[in-house]
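If you want my numbering, it's the position in the sequence shown, counting the first as 1, plus 48. Glycine included, every Cβ here is placed at the ideal spot set by N, Cα and C.
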Amino acid sequence: MEGLLIPLITPFAKDGSVALDALEELAHRVLDDGAAGLVPLGTTGEPATLTAAEKNAVMDTVAAVCRDRGALLIAGAGSNDTAGSVEAVKALAKWPEVTAALTVVPYYTRPGEAGVVAHFTRLAAESPVPLMLYNIPYRTGQVLGWQALRQLAAVPGIVGMKQAVGAVDEDTVRLMADKPESFAVFAGDDLYVSPLLALGAAGGILASPRTSPPTASPRWSAPGGPVTWPAPGCSAIGWRRCRRRCSPSRTRWWSRRCCTPKGRSRAQAYACHCCRPVPRPPKRRCRRTNRVTAESRVVKISY
């Protein structure tokens, strides 16, 4: 597993139902723009607001696109309940296209590092698909040190992680310095993807490239050439230049209030005529002024 993976929003129709036709169009558009794979039912997809039938419909739609396009499919699954998470990952056996399950560190309950290791060890033992961990402590309330991360990286069945700690901290650096070769670390924070790539990350699971089609792929491929990973002739100097060019736009984008980062992604998809920017409660619809800003930044954010 490597490359740029895009977490998909779940488009909703005007009547509040899941707009599966818009989801299919959006999935194809993302892959056309150069992504290596798709991540449905992550937090960007608002799975907590979907019924079981709607989740299955989303997976059916995205799995069909990934099968036809030969793309990676990383499905969001799991919660802060170990038994419920086991059932969620087992359900993914219905879709042979699934490459791995993206499963978040147990949130809110903060079980401690030993509890997190035990949680994921059980999931890996019972899951029919490989696991990718989602480490995002500023949302889960649970911090994992490098010793726990290395321990998890060595668990059979755990093949990678999305690292979104809001920095390139010491634990991340020490993990990258001595992780198993088969363990793929993906950057989860748009602002820190470049330094993580320099440390040896396999790619990124990032929302901001979804906001700038069709100009997202040059950051991950040779200008004017086929999509490859990493870019041919890529060097540390090249990545630093890219970071200087990209980071100011990403910083402005993610710091601007437009409901939530997920709301901004939804507004961007609307700007690309894929769907209406309709969220489900408790999320709110972006104000018109913010949607206009989102539409303008489809053009302005260029990689």
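Presumed contact (8 Å Cβ cut-off) between residue i and residue j, rounded CB distance
| i | j | result |
| --- | --- | --- |
| V326 | G93 | That pair is no contact at about 14 Å. |
| L120 | K103 | With a Cβ gap of about 19 Å, L120 and K103 do not count as contacting. |
| P176 | K138 | 6 Å |
| T91 | L71 | In fact, because the Cβ distance is near 16 Å, the residues do not count as touching under 8 Å. |
| V165 | L200 | 6 Å |
| T169 | V203 | 5 Å |
| L86 | I54 | 6 Å |
| A131 | T151 | So it is not a contact: roughly 13 Å between Cβ atoms. |
Collapsed DSSP secondary structure at residue i in the structure displayed
| i | result |
| --- | --- |
| Q199 | helix |
| A67 | coil |
| V177 | coil |
| G163 | helix |
Bridge-paired residues (DSSP) for residue i
| i | result |
| --- | --- |
| Q211 | N183 and A235 |
| A149 | A123 and L179 |
| P55 | V87 |
| G251 | G51 and F234 |
(message) Whether or not the stretch 102-116 and the stretch 130-145 are in contact is what I'm after, with contact meaning three or more pairs of Cβ atoms, one per stretch, closer than 8 Å; do they touch?
(response) yes
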